[in-house]
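All remarks here apply to the structure that follows.
Residue numbers (our numbering), protein chains in the order written: chain V, 4 to 407; chain G, 488 to 894.
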């Protein structure tokens with residue numbers, strides 16, 4: 004049994020969709036006990052999001068949900084009932100964290116806010132993840148990752164100058180908010196351990212995404228420049244692009260930041276004399292003549308498979324990376340050697356591979372602790388083992404429709 | 488809230504935490520920035536000639552110089568700077584002295600480079616077994632690509648994000664604002680903070696090996712599961728979400744708006760915002776899968792309505808209709824945004840060379856331990872004397888170290 008960085012910590016988890024569950028995934032994989040609360044009346048909508056393991060889209064067969072909700076426990080509670088509140092109060096009292104990513108009105112709607120939570124448990128860390136946070140003029144605006152990305156300034160910077168701006172191919176602010184929340188939570192838990200002081204982390208996903216735009220803000224406030232999207236080019240270095248390789252829609256990214264790397268590139272593509280040509284001899288000259296240079300590089304890359312292009316250039320010390328499809332990524336020899344993808348046997352969908360933990364910790368390696376739970380699968384563990392209830396008491400709650 | 492603020496004035500999240508920062512890329516510098524912004528003492532250890540990040544543009548007023556890189560200034564505010572030549576024995580000794588009292592060391596050097604100088608994890612843990620050492624590279628410390636060179640576009644590519652980003656009729660598209668680097672930094676910060684929490688309790692430090700390729704792949708939402716569940720390899724297909732509709736980027740009169748509707752009331756809000764009252768009553772809207780399948784046919788009707796208005800007007804009007812709509816902000820929109828300004832998203836910094844400027848502050852609001860904006864990015868070696876004095880180095884020694892090219 005491995006040691007866990009977050010062993011002995013417990014979370015009452017009201018989160019749903021992507022941002023909160025991604026945070027919970029990171030925490031659960033490091034050993035925090037995540038108790039996810041849903042109900043049949045109001046289940047996490049992502050349980051109905053593709054991909055599905057079966058064509059009939061049956062419950063508990065969503066890969067989207069199962070991927071982000073491993074290492075968690077699931078119970079059902081009808082939060083409209085008073086008895087559910089008694090149970091949640093007891094769970095909060097024995098937990099370290101309450102996590103949710105409702106809109107700013109959502110937590111109050113199920114009967115809780117920070118004041119109430121800290122009455123129950125003064126040391127509790129409460130992390131909310133509303134789209135714009137709980138303060139300010141937009142606090143009640145509805146916001147999901149794909150449109151937060153626009154508001155946050157990332158869409159404006161992504162895509163091609165001759166076309167419309169583009170979303171990143173994932174609901175990026177959810178992921179950025181999720182990992183920002185996970186960082187904030189462990190830091191606040193450490194602070195609580197050191198000082199006995201709990202607190203509320205009011206995280207706005209649009210803000211945590213906007214904080215990842217690099218220099219865009221200060222280029223405007225200092226230089227008055229509004230940064231624009233520029234496809235795959237880098238303003239400060241050339242060559243820097245993706246290059247077509249043999250095969251259908253195959254590409255390799257190449258970036259060269261200095262003359263030594265350019266010399267290595269020129270030699271690898273069989274044109275060492277390029278470093279002597281005035282149009283390519285310096286980085287500034289290469290930026291000026293980037294199209295001509297890209298044409299020369301493309302003529303070489305087009306002869307080879309994208310992996311082949313990457314290996315040849317990397318062997319010479321040039322930063323190059325094949326544009327991997329998801330299928331290629333899963334089969335990639337490096338990813339396999341690292342053991343990044345992990346599998347678990349799920350009661351409904353069986354054995355499947357999932358992204359694992361994207362870093363390795365030598366003393367407390369994170370890993371997928373348990374399969375994603377089918378809806379309400381852990382009633383017995385939570386109610387009996389944790390809350391010490393008898394079968395009879397549980398049955399009574401069930402009969403009263405609390406565990407729906 | 489007021490009570491919290493009053494009772495805990497001066498508290499910070501990482502008070503008494505010392506971070507040694509041996510990084511010069513976004514994946515490293517943004518990680519240590521998270522600690523600096525929330526109160527840790529972060530000492531950036533630069534080569535004598537300055538961090539390579541000081542040579543990366545853009546530059547203030549377009550004037551390249553060691554103190555004018557906005558790239559450096561953005562990622563290193565709230566940090567201290569010392570210079571130390573780690574290729575000299577005395578420089579290595581001084582770093583080891585600093586490691587004695589450090590909590591975290593973050594580095595983004597090539598695999599094996601610090602070991603070669605006697606500064607690898609095995610060597611540093613001998614000095615300080617409580618040290619958390621976080622190493623951030625493109626492909627991690629192990630495996631066949633461990634020595635491969637990297638950059639944001641390489642990580643976007645190898646992490647699978649680029650293949651699913653951008654329009655179908657263009658080459659795979661890089662993320663704007665170097666997101667592979669940023670998301671890697673955030674995962675490294677999370678892992679480091681978790682290791683610190685564990686260290687406090689068990690008195691045991693550890694080594695963290697962060698792979699940018701894996702951090703990028705970790706945020707693909709459901710694209711990898713789409714492959715492992717159904718065998719379908721996702722292709723890039725513009726801004727449309729795979730499931731929700733309407734959920735994409737739309738043109739409008741003066742730019743673009745972003746939208747993402749998942750529930751029927753939100754979908755109706757989007758349609759009403761386009762003033763297409765006939766479509767608003769169409770039963771097709773009620774089926775999640777059918778409305779997504781008819782996106783090609785339905786979207787031009789929405790665009791026709793949105794083209795009549797500007798992005799700011801559509802943002803506020805749409806939100807009033809219950810539609811999750813945003814404006815596609817550029818830097819000016821963000822800097823002038825009333826919400827961001829009211830909630831303290833920005834702070835003013837004063838840099839001795841660049842001057843005063845408005846910049847992103849700490850974006851996450853902690854009621855008891857808010858972020859602490861202490862200083863603009865340090866001048867090269869600004870804190871060398873202060874930090875070395877704290878290690879017991881006297882003035883005479885400093886002169887000697889300077890003459891010898893150690894600092």
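Ideal Cβ positions, reconstructed from N, Cα and C, are used throughout, including at glycine.
- Message: If contacts are defined as beta-carbon pairs under 8 Å, then residue 190 of chain V and residue 130 of chain V qualify, I think. What distance do you get, rounded to the angstrom?
- Response: Numbered from 1 along the first chain, position 187 holds the residue referred to as residue 190 of chain V. Numbered from 1 along the first chain, position 127 holds the residue referred to as residue 130 of chain V. Contact doesn't hold; Cβ gap of about 11 Å is too wide.
- Counterpart residues of residue 364 of chain V in DSSP-defined beta bridges: The residue you call residue 364 of chain V lines up with position 361 of the first chain. According to DSSP, which records beta bridges pairwise, residue 364 of chain V is partnered with G:695.
- Task: Report yes if the CB atom of residue 813 of chain G is closer than 8 Å to the CB atom of residue 132 of chain V, and no otherwise.
- Result: Here residue 813 of chain G corresponds to residue number 326 of the second chain, with the count starting at 1. Here residue 132 of chain V corresponds to residue number 129 of the first chain, with the count starting at 1. Not in contact: residue 813 of chain G and residue 132 of chain V (Cβ atoms no closer than 8 Å).
- Item | In DSSP terms, what residue 889 of chain G is bridged to | On the second chain, position 402 is the one that residue 889 of chain G refers to. DSSP lists no partner for residue 889 of chain G.
- Message: So residue 652 of chain G and residue 171 of chain V are supposed to be a Cβ contact under 8 Å. How far apart are they, rounded?
- Response: Here residue 652 of chain G corresponds to residue number 165 of the second chain, with the count starting at 1. Here residue 171 of chain V corresponds to residue number 168 of the first chain, with the count starting at 1. Residue 652 of chain G to residue 171 of chain V, Cβ: 5 Å. Contact.
- residue 896 of chain G classed as buried or exposed, judged by whether at least 16 other C-beta atoms fall within 10 angstroms: With chain G covering only 488 through 894, there is no way to say anything about residue 896 of chain G.
- Query: Counting only runs that start and end within the segment 336–382 of chain V, where is the beta strand (DSSP E) found for 3 or more residues in a row?
  - Reply: For the segment 336–382 of chain V, whole beta strand (DSSP E) runs of length 3 or above, ordered along the chain, are 344–349, 353–358 and 362–364.
- Taking the Cβ atom as the reference point for each residue, do residue 570 of chain G and residue 868 of chain G lie within a distance shorter than 8 Å? Along the second chain, one-based indexing puts residue 570 of chain G at 83. Along the second chain, one-based indexing puts residue 868 of chain G at 381. With contacts defined as CB atoms closer than 8 Å, residue 570 of chain G and residue 868 of chain G qualify as a contacting pair.
- Quick one: list the residues of chain V neighbouring residue 714 of chain G, beta-carbon separation under 7 Å, in chain order. Here residue 714 of chain G refers to the residue found at position 227 when the second chain is read from its first residue. Result: 329, 330 and 333.
- Query: How many Å lie between residue 144 of chain V and residue 268 of chain V at the Cα?
  - Reply: Numbered from its first residue, the first chain carries residue 144 of chain V at position 141. Numbered from its first residue, the first chain carries residue 268 of chain V at position 265. Taking C-alpha positions only, residue 144 of chain V is separated from residue 268 of chain V by approximately 50 Å.
- In three-state terms, what does DSSP make of residue 544 of chain G? Here residue 544 of chain G refers to the residue found at position 57 when the second chain is read from its first residue. When secondary structure is reduced to three states using DSSP, residue 544 of chain G falls in the coil class, being assigned neither helix nor strand.
- Query: So, is the C-beta of residue 310 of chain V closer than 8 Å to a C-beta in chain G?
  - Reply: In the first chain, the residue the question calls residue 310 of chain V occupies position 307. Closer than 8 Å: no.
- What's the gap between the Cα of residue 491 of chain G and the Cα of residue 141 of chain V? Position 4 of the second chain, counted from the first residue, corresponds to residue 491 of chain G. Position 138 of the first chain, counted from the first residue, corresponds to residue 141 of chain V. Note that residue 491 of chain G scores 41 on pLDDT, short of 50, meaning its location in the model is unreliable and no value can be drawn from it.
- Query: With DSSP run on the structure shown, which of helix, strand or coil describes residue 838 of chain G?
  - Reply: Position 351 of the second chain, counted from the first residue, corresponds to residue 838 of chain G. Residue 838 of chain G falls in the strand class under three-state DSSP.
- Task: Following the continuous alpha helix (DSSP H) through residue 115 of chain V, name the residue where it begins and the one where it ends.
- Result: As a first step, residue 115 of chain V must be located in the first chain, where it is residue number 112. Here residue 115 of chain V belongs to no alpha helix (DSSP H), and DSSP marks it neither H nor E.
- Item | Where residue 764 of chain G falls, given that 16 or more other Cβ within 10 Å makes a residue buried | As a first step, residue 764 of chain G is located in the second chain; it is residue number 277 there, counting from the start. Residue 764 of chain G should be labelled exposed.
- Contact check, residue 695 of chain G vs residue 619 of chain G under 8 Å by CB: the rounded distance? Counting from one through the second chain, the residue named residue 695 of chain G turns up at place 208. Counting from one through the second chain, the residue named residue 619 of chain G turns up at place 132. About 7 Å separates the two Cβ atoms, so the contact holds.
- Within the segment 591–627 of chain G, note down every full beta strand (DSSP E) run reaching 3 residues or more, in order along the chain. 591–594 and 619–624
- Message: Beta-carbon within less than 6 Å of residue 662 of chain G's beta-carbon, same chain only, minus the 5 sequence neighbours each way: which residues are those?
- Response: On the second chain, position 175 is the one that residue 662 of chain G refers to. Excluding positions up to five away in sequence, the list reads 643.
- Query: To which residues does DSSP link residue 324 of chain V through a beta bridge?
  - Reply: For the purposes of this step, residue 324 of chain V is taken as residue 321 along the first chain, with counting starting at 1. Answer by DSSP bridge pairing, in chain order: V:256.
- Task: Along the beta strand (DSSP E) that carries residue 742 of chain G, what are the first and last residues, could you check?
- Result: As a first step, residue 742 of chain G is located in the second chain; it is residue number 255 there, counting from the start. Per DSSP, residue 742 of chain G belongs to the beta strand (DSSP E) from 742–747.
- Item | Local Cβ density within 10 Å of residue 402 of chain V, reported as buried at 16 or more and exposed below that | Along the first chain, read from residue 1 onward, the residue named residue 402 of chain V stands at position 399. Answer is exposed; the Cβ neighbour count stays below 16.
- Is residue 766 of chain G helix, strand or coil when you go by DSSP? If you number the second chain from 1, residue 766 of chain G lands on position 279. Residue 766 of chain G falls in the helix class under three-state DSSP.
- Message: Determine, for residue 222 of chain V, whether the minimum Cβ-Cβ distance to residues of chain G falls below 8 Å.
- Response: To locate residue 222 of chain V, count along the first chain from 1; it is residue 219. Interface residue, yes.
- Of all Cβ atoms in chain V, is any one closer than 8 Å to the Cβ of residue 618 of chain G? As a working mapping, residue 618 of chain G is identified with position 131 in the second chain. Closer than 8 Å: no.
- Other residues of its chain near residue 895 of chain G: CB distance less than 8 Å, five sequence neighbours each side excluded: There is no way to answer for residue 895 of chain G, as the model of chain G reaches only from 488 to 894.
- From residue 499 of chain G to residue 253 of chain V, what does the alpha carbon distance come to, in whole angstroms? Within the second chain, numbered from 1, the residue matching residue 499 of chain G stands at position 12. Within the first chain, numbered from 1, the residue matching residue 253 of chain V stands at position 250. In a straight line, the C-alpha of residue 499 of chain G is about 49 Å away from that of residue 253 of chain V.
- Query: What's the C-alpha gap between residue 10 of chain V and residue 518 of chain G?
  - Reply: For this step, residue 10 of chain V is matched to residue 7 along the first chain. For this step, residue 518 of chain G is matched to residue 31 along the second chain. Cα-Cα distance, rounded: 24 Å.
- Message: Using 8 Å for Cβ pairs, my map puts residue 67 of chain V next to residue 49 of chain V. What's the rounded Cβ distance?
- Response: Reading the first chain from its first residue, position 64 is the one you call residue 67 of chain V. Reading the first chain from its first residue, position 46 is the one you call residue 49 of chain V. With 8 Å as the limit, residue 67 of chain V and residue 49 of chain V qualify as a contact, their Cβ atoms being about 5 Å apart.
- Which one of G:737, G:874 and G:521 has the shortest CA to CA distance from residue 568 of chain G? As a first step, residue 568 of chain G is located in the second chain; it is residue number 81 there, counting from the start. The candidate whose alpha carbon is nearest that of residue 568 of chain G is G:874.
- Query: So is residue 648 of chain G in contact with chain V if we call contact Cβ pairs under 8 Å?
  - Reply: Counted from its first residue, the second chain places residue 648 of chain G at position 161. Closer than 8 Å: yes.
- Item | Chain-ordered residues of the segment 367–383 of chain V with a beta carbon less than 7 Å from chain G | 367
- Quick one: list the residues of chain G neighbouring residue 42 of chain V, beta-carbon separation under 8 Å, in chain order. In the first chain, residue 42 of chain V corresponds to position 39, counting from 1. What residue 42 of chain V touches in chain G: nothing, since even the nearest Cβ is about 17 Å away.
- In chain order, what residues of the same chain lie with their CB nearer than 6 Å to the CB of residue 330 of chain V, ignoring the 5 residues before and after it? In the first chain, the residue the question calls residue 330 of chain V occupies position 327. Closer than 6 Å at the Cβ level, and outside the excluded window around residue 330 of chain V, lies no residue.
- Task: Please report the residue range of the alpha helix (DSSP H) in which residue 185 of chain V lies.
- Result: The residue you call residue 185 of chain V lines up with position 182 of the first chain. Looking at the DSSP string, the run of the alpha helix (DSSP H) that includes residue 185 of chain V is 175–198.
- Item | Residues that residue 735 of chain G bridges to, as DSSP identifies them | Residue mapping note: residue 735 of chain G aligns to position 248 of the second chain, counting from 1. Per DSSP, G:746.
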